[in-house]
Amino acid sequence: MRRATRKSEGQANGKMRQVLAAAAVMLMAAARAQAQSAAPPPEAQPGTSATQTPAASVVVRKILVSLPERKLAVVEDGKVVKIYRVAVGKRSTPSPVGEFQVINRVAGPSYYQPGLVVPAGPENPLGTHWIGIDSKKIGIHGTNQPRSIGRRASHGCIRMKNEDVAELFARVRVGDAVEILAEHTTETAQIFGAAAPAVLTAQAAPAAQTKLTEAPRETAAAAQ
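Letter by letter, the sequence shown follows residues 126 to 349 in my numbering.
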């Protein structure tokens with residue numbers, strides 16, 4: 126009787142050990158699966174070569190002005206996206222030549238001169254928008270004399286039709302490059318054509334405007 130009891134106890138203990146061993150194996154497998162699910166994805170681990178999402182591309186923009194052609198081109202990433210007719214400086218007040226940058230943008234600029242203030246509006250010589258460049262008192266702007274476009278007519282600034290300068294204003298940003306050329310080059314020939322237009326003289330301006338220079342004092346907040 127005692128032998129049978131001991132034998133039964135031994136069998137029970139053996140089964141218990143098997144159950145405990147199986148439970149231990151299951152616990153180890155569950156722990157391993159949990160650790161794998163909690164591990165960071167491969168792209169987040171150092172030393173991997175996972176593909177990263179590229180940053181948004183930045184448009185390289187340039188405003189190119191040809192004084193002989195009296196035209197302005199907007200070049201983005203090496204491609205001409207728009208060409209406008211403009212007025213440039215008179216022979217007595219020529220437009221500057223060289224490389225510049227856009228330094229400010231003003232919608233609805235006021236025109237200030239000693240003893241004279243012309244607020245934003247249809248009579249403003251600067252038109253609807255001002256795009257300043259880093260050349261003293263010089264910028265690209267609209268006009269209240271649209272018939273002057275295509276002529277040597279300004280006091281050094283680059284004049285545009287109001288609807289054209291509004292479109293340009295919306296496109297350009299502070300820091301964009303500006304280049305003003307006084308001579309024909311291979312680049313201007315490709316962009317604007319090989320032949321320059323005939324030299325046109327500006328129509329007589331009203332006496333109240335003949336002595337004005339084209340430099341605004343900003344009354345509207347500059348849109349940087």
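The beta-carbon is built from N, C-alpha and C at its ideal position, and this holds for glycine as well. All of these numbers come straight from a predicted model, not from anything done at the bench.
Taking the alpha-carbon positions, what's the residue i to residue j distance?
| i | j | result |
| --- | --- | --- |
| K207 | K187 | 11 Å |
| Q315 | N249 | 35 Å |
| Y236 | V205 | 32 Å |
| L238 | G214 | One point to set straight first is that residue 238 is Gln, not Leu, in the sequence displayed. Cα-Cα distance, rounded: 19 Å. |
| L192 | E308 | 7 Å |
| H266 | V231 | 9 Å |
| V297 | E201 | 10 Å |
| G203 | R210 | 20 Å |
| G240 | D289 | 30 Å |
| V185 | V243 | 35 Å |
| K262 | A245 | 18 Å |
Skipping 5 residues on each side, what residues in its chain have a beta carbon closer than 6 Å to that of residue i?
| i | result |
| --- | --- |
| G257 | I228, N229 and G264 |
| D259 | F225, Q226 and I228 |
Is the distance from the Cβ of residue i to the Cβ of residue j below 7 Å?
| i | j | result |
| --- | --- | --- |
| S182 | I305 | no |
Starting from the Cα of residue i, find the closest Cα among the options and give me that residue.
| i | options | result |
| --- | --- | --- |
| T268 | V303, K262, C282 and V242 | C282 |
| V222 | V190, T253 and E312 | V190 |
| R195 | I274, D301, R296 and H280 | I274 |
| Q270 | M285, K262 and K261 | M285 |
| V299 | F317, W255 and V242 | W255 |
| P247 | V200, E201 and N287 | N287 |
Using a 10 Å radius around the Cβ and a threshold of 16 neighbouring Cβ atoms, would you call residue i buried or exposed?
| i | result |
| --- | --- |
| R272 | exposed |
| Q311 | Correcting the residue type first, residue 311 is Thr in the shown sequence and not Gln. Its Cβ having fewer than 16 others within 10 Å, T311 is exposed. |
| L293 | buried |
| G252 | buried |
| A295 | exposed |
| P234 | buried |
| V303 | buried |
By Cβ distance, which residues of its chain are closer than 8 Å to residue i, with the 5 residues on each side in sequence left out?
| i | result |
| --- | --- |
| F317 | S191, E194, K196, A198 and I208 |
| A291 | T253, H254 and G267 |
| D301 | R186, K187, I188, Q226 and V227 |
| T313 | L189, S191, P193, E194 and L306 |
Could you check whether the Cβ of residue i sits closer than 6 Å to any heavy atom belonging to the ligand NAP?
| i | result |
| --- | --- |
| H309 | Ligands are entirely absent from the displayed structure, and the ligand NAP is therefore not among its contents. |
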